[in-house]
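Input: a single structure, listed below in C-alpha coordinates.
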Amino acid sequence: SEVQESEVSSELSKDPLQLLLEEEKKYERSPRRPPPEIPEWKAPTLTCPSTLPSKGVGLGPDPWVPGGCGVLSADRTDLQRSLHFDALWKSENLRLSPDRTSATCRGQDFGGFVVSSEVLERKPFGRWFEILIEEADASRWSDGLGIGVAVIASRDAALSKVKNAERVIQGFAYELIPESWLVGYDGRAKFGGHSRYLQTTELTRGMWRPNELRSGDVLGLLVTADGNLILFVNEEIRYHIKFGNIPWKKPVCAVVDLDGCTQSVHVIDNNGMPSKKVMQAWHAAVKAPGLSP
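Just so you know, the sequence shown maps onto residues -16 to 276 in this note's numbering.
Written out as C-alpha coordinates, the structure is:
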(Lines of atoms letter the chains of each structure in order from A and count residues from 1; the text may use other names and numbers.)
(Lines give C-alpha, C1' and ligand atoms only; values in the text may rest on other atoms or scores of the structure.)
Protein backbone atom coordinates (compact mmCIF):
# COMPACT_ATOMS: atom_id res chain seq x y z
CA SER A 1 0.00 0.00 0.00
CA GLU A 2 2.90 2.31 0.76
CA VAL A 3 4.25 1.65 -2.76
CA GLN A 4 0.88 2.54 -4.35
CA GLU A 5 0.63 5.72 -2.30
CA SER A 6 4.14 6.65 -3.39
CA GLU A 7 3.22 6.17 -7.08
CA VAL A 8 0.06 8.23 -6.73
CA SER A 9 1.91 11.06 -4.99
CA SER A 10 4.59 10.93 -7.70
CA GLU A 11 1.92 11.28 -10.42
CA LEU A 12 0.28 14.18 -8.61
CA SER A 13 3.61 15.96 -8.22
CA LYS A 14 4.19 15.98 -11.99
CA ASP A 15 3.53 19.08 -13.97
CA PRO A 16 0.25 18.83 -16.02
CA LEU A 17 2.10 19.79 -19.18
CA GLN A 18 4.55 16.96 -18.61
CA LEU A 19 1.66 14.51 -18.23
CA LEU A 20 0.17 15.69 -21.53
CA LEU A 21 3.48 15.19 -23.36
CA GLU A 22 3.80 11.67 -22.01
CA GLU A 23 0.30 10.83 -23.25
CA GLU A 24 1.14 12.12 -26.73
CA LYS A 25 4.28 9.96 -26.83
CA LYS A 26 2.14 6.88 -26.18
CA TYR A 27 0.06 7.61 -29.26
CA GLU A 28 3.13 8.41 -31.33
CA ARG A 29 4.51 4.97 -30.58
CA SER A 30 1.30 3.24 -31.78
CA PRO A 31 1.75 1.43 -35.11
CA ARG A 32 0.16 3.04 -38.19
CA ARG A 33 -0.13 1.96 -41.81
CA PRO A 34 1.18 4.26 -44.48
CA PRO A 35 -1.56 6.05 -46.50
CA PRO A 36 -2.60 4.16 -49.65
CA GLU A 37 -1.40 5.39 -53.00
CA ILE A 38 -4.19 6.79 -55.21
CA PRO A 39 -3.59 5.96 -58.87
CA GLU A 40 -3.98 8.68 -61.46
CA TRP A 41 -7.49 8.66 -62.97
CA LYS A 42 -7.72 8.11 -66.70
CA ALA A 43 -10.86 8.45 -68.79
CA PRO A 44 -12.10 5.06 -70.09
CA THR A 45 -11.99 4.31 -73.79
CA LEU A 46 -15.57 4.06 -75.09
CA THR A 47 -16.29 1.09 -77.33
CA CYS A 48 -19.77 2.29 -78.35
CA PRO A 49 -20.94 5.51 -79.97
CA SER A 50 -21.79 8.35 -77.60
CA THR A 51 -25.19 8.80 -79.28
CA LEU A 52 -27.22 5.60 -79.50
CA PRO A 53 -29.43 5.13 -82.58
CA SER A 54 -33.16 5.44 -82.03
CA LYS A 55 -35.39 2.40 -82.25
CA GLY A 56 -36.47 1.68 -85.77
CA VAL A 57 -33.09 2.46 -87.29
CA GLY A 58 -32.17 -0.50 -89.47
CA LEU A 59 -35.79 -1.14 -90.43
CA GLY A 60 -35.48 1.08 -93.46
CA PRO A 61 -37.16 4.42 -94.12
CA ASP A 62 -40.49 5.28 -92.56
CA PRO A 63 -43.48 4.18 -94.67
CA TRP A 64 -44.46 7.77 -95.54
CA VAL A 65 -41.11 8.98 -96.94
CA PRO A 66 -39.62 8.37 -100.41
CA GLY A 67 -38.37 4.81 -100.53
CA GLY A 68 -40.80 3.70 -97.81
CA CYS A 69 -43.50 1.07 -98.14
CA GLY A 70 -46.53 3.32 -97.68
CA VAL A 71 -48.33 6.42 -98.87
CA LEU A 72 -46.14 9.52 -99.20
CA SER A 73 -46.86 12.16 -96.59
CA ALA A 74 -47.43 15.83 -97.27
CA ASP A 75 -45.31 18.37 -95.41
CA ARG A 76 -48.24 19.49 -93.28
CA THR A 77 -51.81 18.62 -92.40
CA ASP A 78 -54.31 18.97 -95.24
CA LEU A 79 -57.32 20.65 -93.64
CA GLN A 80 -59.51 19.71 -96.62
CA ARG A 81 -59.07 16.03 -95.84
CA SER A 82 -61.97 14.24 -94.13
CA LEU A 83 -59.92 12.14 -91.66
CA HIS A 84 -56.62 12.52 -89.79
CA PHE A 85 -55.05 10.83 -86.79
CA ASP A 86 -55.00 12.94 -83.63
CA ALA A 87 -51.49 14.08 -82.69
CA LEU A 88 -52.25 14.19 -78.94
CA TRP A 89 -54.90 11.54 -78.43
CA LYS A 90 -52.61 8.54 -79.02
CA SER A 91 -50.11 6.30 -77.24
CA GLU A 92 -46.73 7.90 -76.61
CA ASN A 93 -44.77 5.25 -78.50
CA LEU A 94 -46.72 5.63 -81.76
CA ARG A 95 -45.39 8.04 -84.38
CA LEU A 96 -47.41 9.88 -87.00
CA SER A 97 -46.50 11.13 -90.44
CA PRO A 98 -46.16 14.93 -90.85
CA ASP A 99 -49.64 15.15 -92.38
CA ARG A 100 -51.12 12.86 -89.66
CA THR A 101 -52.49 10.28 -92.09
CA SER A 102 -50.16 7.38 -91.20
CA ALA A 103 -49.23 5.83 -87.86
CA THR A 104 -46.53 3.34 -86.96
CA CYS A 105 -45.24 1.37 -83.96
CA ARG A 106 -42.19 0.02 -85.82
CA GLY A 107 -39.12 -0.45 -83.66
CA GLN A 108 -41.12 -0.33 -80.41
CA ASP A 109 -41.38 -3.00 -77.74
CA PHE A 110 -45.12 -2.47 -77.44
CA GLY A 111 -47.94 -1.14 -79.56
CA GLY A 112 -50.58 1.44 -78.75
CA PHE A 113 -53.67 3.22 -80.00
CA VAL A 114 -54.52 6.18 -82.19
CA VAL A 115 -57.83 7.99 -82.65
CA SER A 116 -59.15 10.14 -85.48
CA SER A 117 -59.26 13.89 -84.96
CA GLU A 118 -62.62 14.05 -86.69
CA VAL A 119 -65.94 12.56 -85.64
CA LEU A 120 -67.27 9.93 -88.04
CA GLU A 121 -70.13 11.25 -90.15
CA ARG A 122 -73.57 9.74 -89.73
CA LYS A 123 -75.21 8.51 -92.91
CA PRO A 124 -78.57 6.76 -93.37
CA PHE A 125 -76.78 3.38 -93.41
CA GLY A 126 -74.39 4.19 -90.55
CA ARG A 127 -70.78 5.30 -90.06
CA TRP A 128 -67.86 4.20 -92.23
CA PHE A 129 -64.06 4.54 -92.41
CA GLU A 130 -61.13 2.64 -93.95
CA ILE A 131 -57.45 2.08 -93.24
CA LEU A 132 -54.68 0.80 -95.49
CA ILE A 133 -52.13 -1.69 -94.13
CA GLU A 134 -48.76 -0.19 -94.98
CA GLU A 135 -46.45 -2.56 -93.10
CA ALA A 136 -46.98 -6.01 -91.59
CA ASP A 137 -44.61 -8.64 -90.19
CA ALA A 138 -46.41 -11.94 -89.71
CA SER A 139 -43.19 -13.83 -88.94
CA ARG A 140 -42.92 -12.53 -85.36
CA TRP A 141 -46.44 -12.31 -83.98
CA SER A 142 -49.59 -14.42 -83.81
CA ASP A 143 -52.00 -11.51 -83.30
CA GLY A 144 -52.58 -8.17 -84.97
CA LEU A 145 -54.37 -4.87 -84.79
CA GLY A 146 -57.74 -3.99 -83.37
CA ILE A 147 -60.06 -1.63 -85.23
CA GLY A 148 -63.24 0.04 -84.11
CA VAL A 149 -64.91 3.18 -82.83
CA ALA A 150 -64.90 5.10 -79.55
CA VAL A 151 -66.93 7.82 -77.89
CA ILE A 152 -64.79 10.77 -76.84
CA ALA A 153 -67.07 13.52 -75.57
CA SER A 154 -64.28 15.73 -74.16
CA ARG A 155 -60.74 15.13 -75.35
CA ASP A 156 -59.18 17.26 -72.62
CA ALA A 157 -60.99 15.38 -69.86
CA ALA A 158 -60.23 12.02 -71.44
CA LEU A 159 -56.55 12.82 -71.86
CA SER A 160 -56.17 13.85 -68.22
CA LYS A 161 -57.68 10.55 -67.05
CA VAL A 162 -55.52 8.16 -69.06
CA LYS A 163 -52.11 9.80 -68.58
CA ASN A 164 -49.85 7.88 -66.21
CA ALA A 165 -47.48 9.20 -63.53
CA GLU A 166 -45.05 10.35 -66.22
CA ARG A 167 -47.88 12.36 -67.84
CA VAL A 168 -47.83 10.27 -71.00
CA ILE A 169 -50.36 7.91 -72.55
CA GLN A 170 -49.40 4.24 -72.71
CA GLY A 171 -51.65 1.30 -73.53
CA PHE A 172 -54.47 0.35 -75.85
CA ALA A 173 -57.86 1.86 -76.57
CA TYR A 174 -59.79 -1.11 -75.16
CA GLU A 175 -57.96 -0.56 -71.85
CA LEU A 176 -58.09 3.22 -71.63
CA ILE A 177 -61.34 4.30 -73.31
CA PRO A 178 -64.45 3.01 -71.51
CA GLU A 179 -66.84 3.59 -74.42
CA SER A 180 -64.96 1.76 -77.15
CA TRP A 181 -65.87 -1.10 -79.48
CA LEU A 182 -63.02 -2.87 -81.27
CA VAL A 183 -62.57 -6.15 -83.12
CA GLY A 184 -59.57 -8.09 -84.41
CA TYR A 185 -56.55 -8.92 -82.25
CA ASP A 186 -56.50 -12.74 -82.14
CA GLY A 187 -60.14 -13.14 -83.18
CA ARG A 188 -61.81 -11.21 -80.38
CA ALA A 189 -64.31 -8.46 -79.81
CA LYS A 190 -63.44 -5.98 -77.07
CA PHE A 191 -66.49 -3.91 -76.22
CA GLY A 192 -66.55 -1.50 -73.28
CA GLY A 193 -63.60 -3.14 -71.55
CA HIS A 194 -64.99 -6.67 -71.90
CA SER A 195 -63.26 -9.20 -74.15
CA ARG A 196 -64.71 -12.29 -75.82
CA TYR A 197 -63.97 -14.56 -78.74
CA LEU A 198 -66.07 -14.07 -81.83
CA GLN A 199 -68.84 -16.60 -82.38
CA THR A 200 -69.27 -18.80 -85.44
CA THR A 201 -72.39 -16.88 -86.45
CA GLU A 202 -70.35 -13.65 -86.50
CA LEU A 203 -67.71 -15.05 -88.88
CA THR A 204 -69.23 -14.76 -92.33
CA ARG A 205 -66.41 -16.59 -94.14
CA GLY A 206 -64.95 -18.69 -91.34
CA MET A 207 -62.32 -17.70 -88.84
CA TRP A 208 -60.23 -14.72 -89.84
CA ARG A 209 -57.54 -12.97 -87.78
CA PRO A 210 -55.59 -9.76 -88.41
CA ASN A 211 -52.31 -11.67 -88.56
CA GLU A 212 -53.40 -12.64 -92.08
CA LEU A 213 -53.16 -9.00 -93.20
CA ARG A 214 -50.44 -8.04 -95.65
CA SER A 215 -49.15 -4.73 -96.95
CA GLY A 216 -51.70 -3.24 -99.33
CA ASP A 217 -54.79 -4.77 -97.70
CA VAL A 218 -57.66 -2.42 -96.85
CA LEU A 219 -59.85 -2.72 -93.76
CA GLY A 220 -63.23 -1.00 -93.71
CA LEU A 221 -65.52 -0.68 -90.73
CA LEU A 222 -69.26 -0.09 -90.97
CA VAL A 223 -71.21 0.75 -87.81
CA THR A 224 -74.92 0.75 -88.60
CA ALA A 225 -77.56 3.01 -87.10
CA ASP A 226 -78.94 0.09 -85.04
CA GLY A 227 -75.55 -0.65 -83.46
CA ASN A 228 -74.25 -3.50 -85.63
CA LEU A 229 -70.54 -3.64 -86.43
CA ILE A 230 -69.37 -5.05 -89.76
CA LEU A 231 -65.70 -5.49 -90.70
CA PHE A 232 -64.66 -5.59 -94.36
CA VAL A 233 -61.29 -6.85 -95.64
CA ASN A 234 -60.67 -5.78 -99.23
CA GLU A 235 -64.41 -5.06 -99.59
CA GLU A 236 -65.47 -8.52 -98.34
CA ILE A 237 -67.29 -9.02 -95.04
CA ARG A 238 -65.32 -10.94 -92.41
CA TYR A 239 -67.11 -10.05 -89.16
CA HIS A 240 -70.77 -9.21 -88.64
CA ILE A 241 -71.49 -8.48 -84.98
CA LYS A 242 -75.08 -7.68 -84.09
CA PHE A 243 -76.41 -5.55 -81.26
CA GLY A 244 -73.11 -3.99 -80.23
CA ASN A 245 -75.04 -1.22 -78.45
CA ILE A 246 -72.95 1.45 -80.14
CA PRO A 247 -74.69 4.78 -79.52
CA TRP A 248 -76.00 6.57 -82.58
CA LYS A 249 -76.37 10.11 -81.26
CA LYS A 250 -73.05 10.44 -79.42
CA PRO A 251 -69.91 11.69 -81.26
CA VAL A 252 -67.95 8.63 -82.37
CA CYS A 253 -64.36 8.58 -83.65
CA ALA A 254 -62.34 5.98 -85.52
CA VAL A 255 -59.81 4.13 -83.36
CA VAL A 256 -57.03 1.63 -84.09
CA ASP A 257 -55.04 -0.48 -81.64
CA LEU A 258 -51.76 -0.93 -83.48
CA ASP A 259 -49.93 -4.04 -82.28
CA GLY A 260 -48.63 -7.48 -83.16
CA CYS A 261 -47.79 -8.15 -86.77
CA THR A 262 -49.38 -4.88 -87.95
CA GLN A 263 -46.69 -2.22 -87.80
CA SER A 264 -47.97 0.73 -89.85
CA VAL A 265 -51.36 1.90 -91.16
CA HIS A 266 -52.73 4.77 -93.24
CA VAL A 267 -56.19 6.26 -92.75
CA ILE A 268 -57.94 6.66 -96.09
CA ASP A 269 -59.63 9.96 -96.92
CA ASN A 270 -63.09 8.45 -96.72
CA ASN A 271 -65.35 9.54 -93.88
CA GLY A 272 -68.70 7.87 -94.47
CA MET A 273 -68.53 6.98 -98.17
CA PRO A 274 -68.21 3.20 -98.75
CA SER A 275 -67.83 1.84 -102.26
CA LYS A 276 -70.66 0.36 -104.29
CA LYS A 277 -69.23 -3.13 -103.76
CA VAL A 278 -69.25 -2.65 -99.99
CA MET A 279 -72.85 -1.48 -100.02
CA GLN A 280 -73.89 -4.46 -102.13
CA ALA A 281 -72.16 -6.85 -99.73
CA TRP A 282 -73.86 -5.19 -96.78
CA HIS A 283 -77.33 -5.41 -98.34
CA ALA A 284 -76.73 -9.08 -99.15
CA ALA A 285 -75.65 -9.75 -95.56
CA VAL A 286 -78.75 -8.06 -94.18
CA LYS A 287 -80.95 -10.34 -96.28
CA ALA A 288 -78.99 -13.51 -95.50
CA PRO A 289 -80.60 -15.94 -92.99
CA GLY A 290 -79.11 -15.63 -89.52
CA LEU A 291 -77.28 -12.39 -90.28
CA SER A 292 -80.13 -9.94 -90.60
CA PRO A 293 -80.27 -7.29 -87.91
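Note that CB positions come from ideal geometry on N, CA and C, so glycine has one too.
In the three-state DSSP reduction, Q263 falls in the helix class (H, G or I). The beta-carbon separation of A268 and H223, rounded to 6 Å, stays under the 8 Å limit for a contact. C-alpha of F215 to C-alpha of L79: approximately 24 Å in a straight line. According to the DSSP secondary-structure assignment, I130 is paired through a beta bridge with V166, V239.
Here V250 is bridged, per DSSP, to I114. In the same chain as D61, and ignoring 5 residues on each side of it, the C-beta atoms closer than 7 Å to its own belong to D82, in chain order.
Taking the C-beta atoms as reference points, G167 is found nearer than 8 Å to G129. Inclusion of L103 and A237 in the CB contact set at 8 Å is warranted, their separation being smaller than that value. In this structure, DSSP gives A268 a helical state, which the three-state scheme calls helix.
In this structure, P257 sits near W111, with a CB-CB distance shorter than 8 Å.
For E101, the enclosing beta strand (DSSP E) starts and ends at 95 to 102. Shown here, A172 sits in a strand according to DSSP, grouped into three states. For A57, the closest C-alpha among the options L186, E75, G43, S85 is that of S85.
In the three-state reduction of the DSSP assignment, T207 falls in the strand class, which pools E and B. For the set F174, K73, S247, K260, the Cα lying nearest the Cα of S99 is the one of K73.
Sorting R105, L212, S198 by C-alpha distance to the C-alpha of D120 places S198 at the top. By the Cβ-count criterion, T245 is buried, with 16 or more other Cβ atoms from all chains shown falling within 10 Å of its own Cβ. The closest CA to that of L241, considering only N228, E185, D169, is found on D169.
DSSP lists T187 as the bridge partner or partners of G189. Straight-line measurement puts the Cα of L165 at about 18 Å from the Cα of D69. Distances from the alpha-carbon of D126 to those of G109, V134, G94 put G94 closest. Rounded to whole angstroms, E185 and L204 show a C-alpha spacing of 14 Å.
The C-alpha of R59 is placed about 31 Å away from the C-alpha of P193. Pairing S65 with D252 gives a Cβ-Cβ distance under 8 Å.
Check the Cα spacing between P107 and each of V239, K260, K232: the tightest is with K232. The Cβ-Cβ distance between E113 and C52 does not fall below 8 Å. For R89, the CB contacts under 7 Å within the same chain, skipping 5 residues up- and downstream, are G39, L42, E118, Q246, S247 in chain order. Beta-bridge pairing by DSSP links G227 to no other residue. A distance below 8 Å separates the beta carbons of N211 and G227. In this structure, I116 sits near D200, with a CB-CB distance shorter than 8 Å.
8 Å or more divides the Cβ of S163 from the Cβ of G154.
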